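First to last, the protein sequences are chains A and B.
Under the numbering used here, the first residue of the first sequence is numbered 4, with each subsequent residue one higher.
Under the numbering used here, the first residue of the second sequence is numbered 4, with each subsequent residue one higher.
See structure below.
Number of protein chains: 2
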Amino acid sequence: MKALQDLYPDDFAYCYGCGRLNAHGLHVKSEWQDGESVARFQPASYHMALPGFVYGGLIASLIDCHAMATAAGASMQATGATPGVDPTPRFVTASLQVDYLRPTPLGPELVLRSRAIEVGERKVVVAVTLHAADAECARGRVVAVRMPSAMRAPGA
Amino acid sequence: MKALQDLYPDDFAYCYGCGRLNAHGLHVKSEWQDGESVARFQPASYHMALPGFVYGGLIASLIDCHAMATAAGASMQATGATPGVDPTPRFVTASLQVDYLRPTPLGPELVLRSRAIEVGERKVVVAVTLHAADAECARGRVVAVRMPSAMRAPGA
């Protein structure tokens, strides 16, 4: 089984957060596991807010990309497709809410888990948790919508 | 008058989003202007969500750092200090809400404006708008709190 982002069509694989074809990006990868999805990310030493702590904007970015993949996986499951095997549809973020529960230590791998809490035809709402060294450090709630036609390349 | 981030104490100037001492960072700079603060940012070509559009995680990062500076400026003003002249106190993000109103075109400079809508001793709530080419593309609401002592370096 592949990461959900590895199954985005090539035209939509340039996202700075999760696109496999973006040479400068973060390359977030989300694995579908029994109705939830999991991503692991190792921050770089410069991804800091203050010395010793992870930058909140990175946390928001990870939650965002991971939630889009989860929304796609949940939407696929609802229509009989297989997340991690069939092509992943591209969702975009309508709104992103991140609560920073405690300072996130810089060093340990970050683990994001998420689950769709509402799956509509066009809109999926996703809840995300982010842990570092087994402590829950941040929580997200993300509203994802199917990519609007205004964002498609001509002819796509 | 200096950017608010240029007046963070050195120990707190390593933020990936806005620290002047982070060599890899975004270097967001917010100018205090008559009770609001303004930041301008030119995304790189690789800061994309899809070809032609700005990555939402970058937008969240800009809103986050700009809001922390605005919270500090409003807090300074409330206590008689001068934002952009006196040292800027460090706030951290308790929660971040971003609404993506429309796809943000990649190319034009992004302009963020923000204002504190609630100023407490410990907590400041900030509203942010983000425009590209004169269109409002995103809106943020950010809860900032004074940096907790658990995040200070020993002896700071």
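Built from N, CA and C at the ideal position, the CB exists for glycine as well.
As the structure is a computational prediction, the values presented were derived from the model and not from experiment.
Measuring straight from C-alpha to C-alpha, what distance separates residue i and residue j?
| i | j | result |
| --- | --- | --- |
| SER40 (chain B) | PRO54 (chain B) | 30 Å |
| PRO108 (chain A) | PHE56 (chain A) | 5 Å |
| PRO12 (chain A) | LEU115 (chain B) | 32 Å |
| GLU121 (chain B) | MET71 (chain B) | 13 Å |
| GLY22 (chain B) | HIS69 (chain B) | 12 Å |
| LEU24 (chain B) | MET51 (chain B) | 25 Å |
| TYR17 (chain A) | ARG125 (chain A) | 22 Å |
| THR85 (chain B) | THR91 (chain B) | 9 Å |
| TYR19 (chain A) | LEU29 (chain A) | 6 Å |
| VAL128 (chain A) | THR96 (chain B) | 23 Å |
| LEU61 (chain A) | VAL148 (chain A) | 22 Å |
| PRO111 (chain B) | SER152 (chain A) | 21 Å |
| PRO46 (chain B) | ASP89 (chain B) | 29 Å |
| ALA130 (chain B) | ALA130 (chain A) | 24 Å |
Please say whether residue j and residue i have beta carbons closer to each other than 9 Å?
| i | j | result |
| --- | --- | --- |
| LEU113 (chain A) | ARG142 (chain A) | no |
| GLY83 (chain A) | ASP67 (chain B) | no |
| SER98 (chain B) | VAL146 (chain B) | yes |
Determine the closest residue to residue i out of the options, with distance taken between C-alpha atoms.
| i | options | result |
| --- | --- | --- |
| PHE44 (chain A) | A:ALA136, A:VAL146, A:VAL148 and A:ARG144 | A:ALA136 |
| ALA26 (chain B) | A:LYS5, A:HIS30 and A:SER48 | A:SER48 |
| MET154 (chain B) | A:ALA42, A:PRO106 and A:ALA63 | A:PRO106 |
| GLY123 (chain A) | A:ALA81, A:ALA130, A:ALA42 and A:GLY110 | A:ALA81 |
| ASP102 (chain B) | A:ALA63, A:THR73 and A:HIS134 | A:ALA63 |
| ARG118 (chain A) | A:THR73, A:LEU65 and A:HIS134 | A:THR73 |
Could you name the residues of the same chain whose beta carbon sits closer than 6 Å to that of residue i, not counting the 5 residues immediately before and after it, in chain order?
| i | result |
| --- | --- |
| THR132 (chain A) | ARG116, GLU139 and ARG142 |
| GLN100 (chain B) | ARG144 |
| MET150 (chain B) | ARG93 and VAL95 |
| PRO157 (chain A) | Interpretation of PRO157 (chain A) is limited by its pLDDT of 48, a score under 50 that renders its predicted location unreliable; the figure taken from the coordinates is listed afterwards. Hits under 6 Å: none found. |
For residue i, which residues of its own chain have a beta-carbon under 7 Å away from its beta-carbon, when the five flanking residues on both sides are left out?
| i | result |
| --- | --- |
| ALA159 (chain B) | Note on ALA159 (chain B): pLDDT 41, under 50, position unreliable in the model; no value is reported. |
Who are the Cβ neighbours of residue i in its own chain at under 8 Å, not counting the five residues just before and after it?
| i | result |
| --- | --- |
| GLY87 (chain B) | MET4, LYS5, ALA6, LEU7, LEU10, GLU34, TRP35 and GLY76 |
| LEU65 (chain A) | GLY20, LEU29, VAL31, ALA42, PHE44, LEU113, LEU115 and LEU133 |
Report task. Assess, as a yes-or-no matter, whether the region 72–79 of chain A is touched by the region 30–40 of chain A under the definition of 3 or more beta carbon pairs within less than 8 Å. Result -> The region 30–40 of chain A is in contact with the region 72–79 of chain A.
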